[in-house]
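Peer 1:
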Amino acid sequence: MLKNLFASKVAKQTLFLFVAQIFGMVVGFVSNMLLAKQMGATNFGIYSLSLAIITFISIFFEFGYFSSASKMLANNHDINLEKKIFGTSIIIACILSAFFIVFALVISFLLEKIFSYEIGRIIRISSFISWSFVIPFFMELILKGSNHIGYLAGFNIFSKILFVVFLSLLFIFERLTPLNALLSFSLSYAVAFAIYAYMLRPNFSGFFEILRAINLENKR
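Residues 128 to 347 (the numbering used here) make up the sequence shown, in order.
#1: Please report how far the alpha carbon of Gln140 lies from the alpha carbon of Ala147, in whole angstroms.
#2: Is it right to say Met160 is buried, meaning 16 or more other beta carbons lie within 10 angstroms of its own, or is it exposed?
#3: On a Cα-Cα basis, can you pick out the residue from Ser315, Phe188 and Lys211 that is closest to Ile339?
#4: Closer than 7 Å by C-beta to Met128: which residues in its own chain qualify, once you throw out the five before and the five after it? Chain order, please.
#5: Per the contact definition of three or more C-beta pairs closer than 8 Å, is the stretch 157-177 in contact with the stretch 318-329?
#6: With 16 other CB atoms within 10 Å as the buried threshold, where does Met199 fall?
#7: Exposed or buried, which one is Lys164 when buried takes at least 16 other CB atoms within 10 Å?
#8: Could you tell me the distance, in whole angstroms, from the CA atom of Ser235 to the CA atom of Leu289?
#9: Three-state secondary structure (DSSP) at Ser216?
#10: Straight-line CA distance for Ile341 to Lys271?
#11: Assuming Pro329 is part of the alpha helix (DSSP H), what are its boundary residues?
#12: Return yes when the Cβ of Ala220 is within less than 7 Å of the Cβ of Phe265, no when it is not.
#13: What would DSSP say about Phe300, mapped onto helix, strand or coil?
#14: Are the CB atoms of Ser224 and Val261 within a distance shorter than 7 Å?
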């Protein structure tokens, strides 16, 4: 019975995604323990607060576009249109990321006054790569909508592995600081996104036509 159950594509994809999520949780838990031990309570606290702030900000930079594109992908059966939706969604993600950078830069000066100079400085410097915190929302919705569950699981696993590799290099070269740890976290998402976005073979033609359709879906 179990053999028949896992013979289906849906079951395999669900299992793969579940394993990826468990893997991500384990890596997150272990990496946080090691970071706390190596950086000390003060620096780890600075890193955790900076990470929490950027993660919180990124929540507001989806604006419903990714979920609308996800619905379009779920209802679509045309491979060419799918690639155009991928292309348009990637352009939208880039535009939203640019706004994220500007917002993070501006708010970093406010955070400097509320918390400390160090927090503001970390947010400000990391803003140029921390746009990648928007990417997990993009990948989650776009890949689920297009039923690329294997890609989603692969993205989650690969980004976590990259993070561990970057942290290991920082530890070896004695450069493990709150800023560098945060940059490593951001860079792992950015690199994984670039690879998996390429694998989707997006088509960037017909941008305005697809954008109008996404906007229409967004208003429903």
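Glycine included, C-beta positions come from ideal geometry on N, C-alpha and C.
Peer 2: The relevant details are as follows:
#1: Gln140 and Ala147 have their C-alpha atoms spaced approximately 10 Å apart.
#2: exposed
#3: In the sequence as displayed, the identity of residue 339 is Arg instead of Ile. Considering only alpha carbons, the answer is Lys211.
#4: Only weak support exists for where Met128 lies, its pLDDT of 49 falling under 50; the coordinates are left without a value.
#5: Contact fails: fewer than three Cβ-Cβ distances are below 8 Å.
#6: buried
#7: exposed
#8: 27 Å
#9: It is helical.
#10: 16 Å
#11: Boundaries for Pro329: no alpha helix (DSSP H) harbours it, and the DSSP string shows neither H nor E there.
#12: yes
#13: Phe300 falls in the coil class under three-state DSSP.
#14: Going by C-beta atoms, Val261 is nearer than 7 Å to Ser224.
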